Each structure stands twice: as C-alpha cells, then as structure tokens.
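Before any comments, here is the structure.
Protein chains in written order, with our numbering: chain A, 1 to 460; chain B, 1001 to 1375; chain C, 2001 to 2574.
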C-alpha cells in the first residue's frame, strides 16, 4: 500500500470517527425509550386553601393497558383506577408542580400525550392569563389541548370520581367527550388555542366547558364502580313534572354511569369567568355562533300538557348576522336556518304541509324565546360569546378602526332579533301518529283513575 | 476550471422557490405580523413588486456576462483589485447570513424535537450534510431538491391545506391591517426578505439561456412570493392579529394545531423533517455560493477544497449571536437590509458600466467577453 | 329563422363520400428514421480500431510467426505452446487423409470444447474416406481449400491460416485445427460445442405473464434469444474478447440508427479500457465499466430476461453479454427501471400501474419503516395516537433492550435467514423458513427479547423488500435501510432527514453511462408515459428521451384512436 493510500485510509477513518462519535454521543442525550417515560394523560389544577396550586395528574400504566386489552384475554384490570394512577402535588407554580411530580414518579414525566386539562373555577375567576402561559410555552403541550372548568368541586375530585361508562382507555374517553362536544354542542369545544384567541382578540368573548360531579350519581359510587341505587331511592329526588328540565351539569336527575357530567359552560371575558350557561343555553349559543351540528329538541306543541313534538335539527348553513349601526341602540339580526326530521309527535295530526309549517313555527318560537333569554343575560354582563361583531369586522379596513369600536357598550344596549327558520323536511315512517280508533277514542282519552283495574288484584 | 453543470429551468425554478421560501420557516412570519397585523399576507406580494427592478438588473447583467459570476465581473471591468474588493467581503457576508439562519433554525429545532441535545452536536451532522451537498455542486443540489419535492413542497402544501381547514375566515378582516400607507412602507423596508434572489448572480454559468433566467427570476420569485403569502395567510387565518406577534416559531405553532382526527395529529415532528430537508438544501447552496465566490475571487481552478473549511467557519459563526433573538435582530436589522442595498447598488453599477463600455466600443463586444480567458 | 337552419340541428350532415382530392394527403408525420437510408456505418464506425476477433488482420511479420510445414515441428511447437505432456485436455490426433495420395495430417482440438460425434461425422470420417476427385477443381487451387470445401461437412465457417498466434487463439476458443504434412497453412474449422445448460425459466426474475425463458451461460444462445425477439437487420452485435489471460468473449448489442453513436463509442471505450487478466462474470465486468463503482446504487440493469433486454434495445439502450454469464447488462438506464418489472407492460394499464404503485409504496416502506419506528418510539412519542403509543409502550415493558438493539437483532436474524436460504440445498430450504418463523415470530416475543409490535413492523419491511424486482437494487436497499436505521437511532427524525439528504445528494450525482440516474425526472426530459406509473399503451408514442435515441418515435403518432377506426362488422355467413 502506498503512502497516498495510507493517508486516504487515515482520512476515511478520521471522518468515520467523527461520525461515530457524533452518533454515539447524541444517543445519550435525547433518546427516551417509551418504557422510560411516564405519560400524563390528563391534568387538573386547583387553588389549594393555602393559596398554592394543586397539580393533579393522571399517569398511564402501559403494562396494565396491554394486559387488559390484548394478551390476557379480558381477565386483566379494566377500571381507570388500575390502568392509570392519579397523583397530586402542591406547589407555588405549575412548573414547580411538574418538578415535584418528576421527583415523585420513578420515570420521566411526559406531557406529550396529555389531551385534557381541568381547571378549578377559582382559578378561572382569577383570570386564565395567569395559568395558560405555561401551556403556551411548554413544548410538550399543543394548542389543541382541551380545557374544562371544574364547577362545584375541585378538579381533583373530578379525577377521583370519573368512571367512564364504556371506555377503558382514558385517552379514548377524552377523544369521545370531544367528539360529543362537537357533535351535539351541550358543552362548547374549547382548546387552548380558542382560549388564547378569545382572550386576546378584540371584542370577542369565550366560553369554557364545565365538568361537574353529579351528586346523585356520586353517592352511588362505591370504590371503582358505580352501583345504580334502587328505584325507590331514585324517585325520592324526583322533581315536579311540567317544569323546564334543569340542564345544569351538577343537578341533572340521573342514576348510574359516570358521576362526572360535562355539560354547560362558563362565560369568559378576557379570560375571566363572568357567568354560566346551562346545557340548553350552550346549544343555543353554538347555533348563534354557527358551530352547531345536530341535536334533538322537544318543543311543546300546544298549551295542553304533555303534548310535545320532538325533532332532530341539523345544521344547514352558517347563521346570517347583520348588525345595523345606523340606529341607536344598534340592531343585531340573526337568521338561522336548520333542517329537521320529526322524531315524535304526541296526539296531533300533522299530515299536511300546513301542519308542518305550524310545527316549524312552534319550534321557531320556542328557540327564539330561549335565544333571546340567553342573549339578554349575556347583555347584562356584558359578554359576547356569540361573536356578533363578525359583520362589523368585515366593514373595517384597518386594525386601528376595528380596535376603536366600543363593542361591549353597543352590544349591551343592542336590540337583538333572532329569526330561526327550521325546515322540517320529513316525518319518518309515520305520517300521523297512531291513535286509538274513533270508537274507543273517548274512552281511552279519559283521565286514568285511581281505581283498580279489573283483574289487577290477582296479580298482587 | 471544470465545465459547470447546467441547471434545467424546472430545477432552477424549484431551487429558487426553496431558497427564498425557507426564510418563512423561522422568525419571518412574526416579523411580518408586527408590520402587517391582519394583512401580513399582503406584504410579500407588495414586496415582490418593489423587487422587480432588482430582478431586471440581474437579468440584464447576464446578457453581458453569460458565463461569469458576480465577483468576476468587476475583474473584467476594472481589474484585479476590484475583484478582491468585492469578492472577499461578499463571500464572508454570505457565510454570516447563512450562519444566522442556521442559528435560528438550530435553536428552534433544538427546542421542538431534541431539547436535550446540545446545539453544537445538533449542528455538526447538519453541516456535514450541507458541506457534502456544496461539494457536489449546484447540479446535485437542485436534483436532490427535485426528488425530495414530495417531502418538501408536498408536505408543505399538505400542512398548509390542513391548517386552512381550521381557519377562521373573519381573521382576515380588517383587510388592510395597519393601513395601506403603512403596508407599502413596511413592505419596502422588508424588501430585503427577498435578497435570496441574488443567488442567481452566482449561478449565471449554470443557467442555460437568458430566457430561462428571465422565466425563473420573474416567475420563480413570483411563485415564491405567492407561496409565502399563502403561508402567511394560513398563519393569519389561524391566529388573530393580536396573537400573531407573540408566537416565537409561528409555523411550528401552526402545525401543532393540525388535527385530522385521532390518527393524524401532532404532525410537528413530520414538519421538522420537512424543515430540515429544506434547510440543508438551502444551507448547502449558500455554502456553495460562498465558496464559489471565494474561489473565483482568488482565481482558484476548483472550489471543492474550500468547502469543508468554509463549512467550519460557518459553524463558528453560528455561535456568535448569544441567543435566538439576537440572531434574528442581526439578520433582519443589519445583515439583510444593508446587504440588499449594497448588492443592489453593486449590481446596478456593474450593469451601468458594462452597458456604457459596450456603447463606447460597440465593435469590441466580443473581446469583452473573451477577455477573462486571457486573464 | 328558416327551416333549413333548424334542420341542421336535427340531422347531422353526412360526410363527403367522394374520395378524389386535388391535393395528395400530407406526408405521414414522424416517419421512423429506421426506414430512411442513412449511412449508418459512418455513425457507428469505431473511432479507435478495436482488437478484432478473430485477429486475422494482425498479420505476422517474421517467419517465426508462421507455422512450420513439417508435422513433427508442428507437434514440437504445440508442445511448447500448450505443454502437451501436462495438458491432457488438448488432443492431437494424427490421421491420414484419404486423398488419392495418402497424406499424414494432424487434427488438434480441445476435447472439452468439441462434440466428439460431431467431429467424427463431419471431419474425421470424410477425411479418412478414400476420395476420388474427378478433377482438380479450379475454385480450389490449393489442397487445403479443396479439403475445406469439398471434404469436410462441418456447418461452421472455416479459415485457412498460417499465423501461429491466430491459430492458438482459435484453438483455445474451441476450434478444430487441421495441419497437413507439407502445407504451410492449416485449416481451422468451427466445431465448438461447449457444455452448458439449456434455456430454462428465469430464476430470480420470474413473472407470471410474459416469456418463461432466461439467459444461459452460452453467449451465442443468449444473442440468439435476443435476436429472436428483435429481428431487424440493424441489430448490431459486436463480438470481441476481454481479459488478457482468459480472453472471454463478450458481445455488445445495439440497434444501429437508434442507439446514440456517442454512447456506443463510450461503451466501447470503457470495455476496451479493461486491462485485467480475467473477467469471469458479468458482476466483475459491470464493476469495471461503471461510472461509480463505489456507489450505493447500481448503475446498470442486470437481467436474465431476454424480453427485457430486447425492449431496452428497442428503446435505444445497449446490452452487453459476457460468455459464460447468464446475465445481460443493459445501459444506460434510469433508477426507475429498478422498480419496473416486465410484467407491468404485459398487463393492462390499470393493473400495471397498480403494481408499480404497490412497489413504490413497498420501496418507501422497506427503506423507512424500521427507521421511523425507532425515531418515533425513542424520540417522538407524541406522533403516535395515545392508544397506539400506550400499546407500544406496554409491549415494550417486558423487553430489556433499547429499541435500537431490538431492531438490530431482528434485522440481523432476517438477514441471516435470507443468507442461509441462499446457501442451503434446495431440499431443506423450507426448513429455514420454519425455523426463522418460530424463532422470530413467537419464541423471541415470548422470551421477551423483542416486542410483538416490532415483529410486525419488521415482517412487513422484509415482505416489502422482496417486492423489488431488480436483484441488484435489493442490495442497495438493505444497506440504505441500515443507514437510515442508524441515523434514526442517533438523532431521530432529524438524523433521518440528514441522512436522507446525503443519500439524495449522492443519488443526484450517480450516472449510468453518462446519463444521470434520476433522469427523466431530473434533469427533466420527456418521458413516454412510463416513469413511475405507466400510461395507456396508445399514449406511449415516444421513446424515452433521456437515452437520447436517434429516432424518438416508437409508435405511429398519427394513429387514430381505436374508436375512430373502421369496425369490421360481424356477419352471419349463412
């Protein structure tokens, strides 16, 4: 081998050494095997009584998940309490909490798979801008992080009480909640991104979905399982009929299932909690905002009791919002078109186009009333989670002009007209409701009496 | 010197696209957002209009010196000393600008995907790859660019499209941002964003014809400006104007928002892949241009021996700014604007002198062209 | 509006039936240059005179170079040349020619290269027979000519030579030489029959459709297989020898008037610059003429299918065959050739395109799947959906090694299986598969050495890699995969991107006989609708331009679509 060749070999060796050293060195730094990490699936933040922050984290136990799902064949642990562990640490700031968490768990904490954060009501009242900077800045959180507000009880409680009805996997549970949010709109779909946007954007106000513990169901919870209580007990909490159903998250009358319910929303102005909405109101708000997709509505058809029509109303086109600033106070007109299908009609014949129009009119009236109620309440705050400023935004040319609009004052006194235009298109398989024939009709329609029916005594 | 490899029009077009668009990957959208607020996407389009004279100068200059690069022109016109005067500073200027972009890139990548690897280790393999590309020359770089197009342009368009699906259309309004007058002024001040078009002056010998250059310079830059506008539009439609100025690495933040359902989200690592590809191609071309400028200045017959030393100098320059924000400041407040002005003045001056000489001695046009071979 | 105008809307105007026109029809577009009269010889004439075979032109200058007239001297000379006492393969058979006047003669040949029956029937038998010629024939002035023309009945060519060197050359190439006492020349008769197998099905490039014959070791058979598919007078076959010692015959095939002469010249130059004692096989031969023999990418197509060679020749490429090598070399090519299989063209457009798509996907998969797995699991766990990530993490809980070691283990064992199944006798070949399946499939998982998800990934990778039709490319893929694997293990997606680009830079510089391997994609050239996906057959009207053929049109460009062709009506004949 000549000298030249020796040099060449040396050169190649040197380059190879550099490469090797780089590769070997780097693998010591960032390489994290999956089994060296503890994945936080969800987080809760509370204000502790002492004024510190309670950071609650739900950490996945991958081995248990695999054991439950695949290899064992179903004999493994399935409850969220077994495939995940809930930890709480208290610290002055969130990053400090994370540091403490790292010290508590054997493995390295990773928030990469964290999909959901539950914030305590008190923290939202203080203003979200103090909390969310951590999430905005940290590389492991994305702006698609889902936020919930814990109402009525601390976020930590919610972690302790959550028992999904079907899902074994917490990650999928979260995804499902979000899907339901987007689909039916009982609570708004709010990401970190939306929180940031509504906080910073001029003249826009936001919502935050609420998670709350239903006291009735929470009482039924024993250990990891919810045991539905006997019917007698369930009836004790019954409320008088014919009243407007309460769709406030903690108060919904139900039994079994998940003690945690996620309906309703808090209203935010500049990231601060200023008011609440129940589930129905959130649906109306989603309609006004143009995010509504579908939902089932029951509307009283006549003044008579127990005479309802139920429809599925689907989103048809974005709402048309018009803001007339020439008047004093300004006038906001919202036109919303929806498509619907009948689900149930009680007692009344609707087999003609005219009757259909009547049903439509009734639905429109009912929705109108609900919408005006919500808007009036928001006007009193004042907060505009409906984003009614959108048409005005298009009419401004420069940002200075836009920022100068005194929207909240205008909105507070605005005259709002909401025009729902539901189009009930189809009636299902049945045109008119089945009813007893004319011969027996009168008899059937009689009020049920307290008397015993013939033959009933033999049954007892 | 070895006969330079020729770049096809298609390759050059895409190379110019990549070279000028990759600035958008880093801090640029934030800077545009400060200037343009809700109308940030209008800025590159307006800037492109201002850029037209410079493009015209570049095209005209090639008509006089079709097989020379920029630093060889003063030698022909004035003599050896002029070549040194232009060549040395230019070569190191290119290196320094490259190093600043590299620094911004490293810091962002370092934070996003490899937070614990020190940046010197991150940069080493990166620069080796870039130096290898520069060593192979513009022909190889442009071809590599074309075959990786599905991973760069394709992925980019996919990500843009994905982010448009989440856009809020009313973020577009107010349509003029801070006002038309301010837009026009800031577009002019930000003209140096398009300084990348000057690489064409170093690729004169690799371009087949004046027609190809004209096409690439006008339409290529127009495409780049349009593409940048599109990216900025995506950014502006996803974040309200109050927010756009606050985000440090805008495109990454944009990509992190993408959610195509359960199985297609968290695409930022994929986007880093695209970014790395684009940046390596960009840096290797920059390195090649710096090296060829230097080699031509010192009349070296080959440029290859200088590639690795220059890569090492770039590596050192990269660590000169103390942090990300300093690098951004140096790049956008000093290097780019003054570099642009100097290059524009230099190119127009050379063009004027060349035109004047030709007019004076119209018969000797041929000798003007032949002269360098005698030198 | 008048009725006439309305009528136009209702009925279609009939075309003119009168077929007489005042002007002749325009000349056909795109007439093939193959049909034109061009002086092709001047185009392809070698610029530098090659060493021809047989070396007849290199005449001897000194008397020592001529063969002796005396048979015993001939024997002495042969002994010196061939070491007769040691060399048992060469046969010196004395015989006496049965002319009216009996003459002693000497038949010299290599036993192994000559068919004995053939020799006996065609040469020895007629020679030794008593011959009574009616009269000396005027066309055969010498005795040897008379013998050659009149007596032997061998079908091959004969030459009468007197040059020692040339005779030795002929002998070692399997010819029979007949020395006759008193003659200063010798007859060289072709009687070669080299042992070898007969044409059989292709082994590594088998397809379901298409011809089922592959090249064999014999050069002439191989040329015959190609010529049978390309019966044109312009198919040139230049046969020369390569190797100082071995003198192996090779053949350069091209279509004159189609293949670019500059390329032919370049190929000739490269082959002639091979100055080495032996070139045993196409694999060696290929490395000698490659642009970059250290590259990771093959630069020629090595194929054993005659249909593939003939289609490449018809596109304007060249082919080279080497004697005793059952593979043909095709150059220049582009990298896309490696994902093409001849089958794609034989199937209809959608099926062919689908197969190509599948192959591209599997190429990407086999290159990147293990690397991506490593990168994602050890650097970017956020990329996976939570459930999948948790499942992967759960599967990994039992495994004590880092992912990289796990992947290497599997990769190594897969390579072992591959290598082992090449070596073992065919009878126990399936055993290897079973052993591999058991070890890797279940035992390794149960032992907790590898995680089940990784086994799935690696199995798909291995399967995908087998779908690549070009065997030489297969090696590139294996090496590249390891390269990507190492980079991903070192720096995750970042490292993967860097190495991808280095490979791309490298690939961009590789050329096949001066044609960039990546063309026609970049540098972009017109392509006949057959790059990654193949187009409809009727649209493939042009030859691939990156090979720069002299004639670019493959199909009559003015051919009307089939829908406009006149249809023959089926009629009942009775």
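Note that beta-carbon positions come from the ideal geometry of N, C-alpha and C, so glycine has one too. As the structure is a prediction and not an experimental result, all values here were calculated from the model.
Exposure of residue i, with buried meaning 16 or more beta-carbon neighbours within 10 Å
i, result
"residue 1268 (chain B)", "buried"
"residue 2412 (chain C)", "exposed"
"residue 1338 (chain B)", "exposed"
"residue 1008 (chain B)", "buried"
"residue 2125 (chain C)", "exposed"
"residue 2245 (chain C)", "exposed"
"residue 2538 (chain C)", "exposed"
Closer than 8 Å to chain B by CB, residue i
i, result
"residue 235 (chain A)", "no"
"residue 1970 (chain C)", "The question about residue 1970 (chain C) has no answer here: the residues shown for chain C are numbered 2001 through 2574."
"residue 2340 (chain C)", "no"
"residue 2420 (chain C)", "no"
Euclidean distance between Cα positions of residue i and residue j
i, j, result
"residue 2506 (chain C)", "residue 1079 (chain B)", "39 Å"
"residue 2178 (chain C)", "residue 2160 (chain C)", "10 Å"
"residue 2193 (chain C)", "residue 2088 (chain C)", "18 Å"
"residue 2406 (chain C)", "residue 1275 (chain B)", "29 Å"
"residue 1122 (chain B)", "residue 1312 (chain B)", "14 Å"
"residue 41 (chain A)", "residue 170 (chain A)", "7 Å"
"residue 267 (chain A)", "residue 1174 (chain B)", "26 Å"
"residue 98 (chain A)", "residue 55 (chain A)", "8 Å"
"residue 1037 (chain B)", "residue 429 (chain A)", "55 Å"
"residue 2079 (chain C)", "residue 2112 (chain C)", "18 Å"
"residue 2142 (chain C)", "residue 2077 (chain C)", "24 Å"
"residue 2491 (chain C)", "residue 1161 (chain B)", "29 Å"
"residue 1336 (chain B)", "residue 1296 (chain B)", "23 Å"
"residue 2533 (chain C)", "residue 2218 (chain C)", "35 Å"
"residue 315 (chain A)", "residue 296 (chain A)", "12 Å"
"residue 412 (chain A)", "residue 151 (chain A)", "27 Å"
"residue 1013 (chain B)", "residue 1146 (chain B)", "10 Å"
"residue 1157 (chain B)", "residue 1151 (chain B)", "10 Å"
Nearest-angstrom Cβ-Cβ length linking residue i and residue j, presumed shorter than 8 Å
i, j, result
"residue 2093 (chain C)", "residue 2107 (chain C)", "4 Å"
"residue 2410 (chain C)", "residue 2345 (chain C)", "Not a contact, Cβ separation roughly 36 Å."
"residue 292 (chain A)", "residue 346 (chain A)", "With a Cβ gap of about 25 Å, residue 292 (chain A) and residue 346 (chain A) do not count as contacting."
"residue 2264 (chain C)", "residue 2254 (chain C)", "6 Å"
"residue 2363 (chain C)", "residue 2204 (chain C)", "At roughly 18 Å, the Cβ-Cβ gap does not stay under 8 Å, so residue 2363 (chain C) and residue 2204 (chain C) are not in contact."
Any chain C beta carbon closer than 8 Å to residue i
i, result
"residue 218 (chain A)", "no"
"residue 1277 (chain B)", "yes"
"residue 1259 (chain B)", "no"
"residue 43 (chain A)", "no"
"residue 1146 (chain B)", "yes"
"residue 321 (chain A)", "no"
Contact test: residue i Cβ vs the ligand GDP heavy atom, cutoff 7 Å
i, result
"residue 2365 (chain C)", "Absence of the ligand GDP from the depicted structure is noted, as is the absence of any ligand whatsoever, leaving it without description."
Chain A within 8 Å of residue i, Cβ atoms only
i, result
"residue 2396 (chain C)", "yes"
"residue 1139 (chain B)", "no"
"residue 1178 (chain B)", "yes"
"residue 1241 (chain B)", "yes"
"residue 2393 (chain C)", "yes"
"residue 1034 (chain B)", "no"
Could you name each continuous alpha helix (DSSP H) segment of 4 residues or more that falls completely within the segment 2453-2529 of chain C, going from the start of the chain to the end? Counting only runs of 4 or more, we get 2471-2509.
May I have a chain-ordered list of the beta strand (DSSP E) segments no shorter than 3 residues that lie completely inside the segment 2167-2221 of chain C? Complete beta strand (DSSP E) runs here, min 3: 2175-2180 and 2186-2190.
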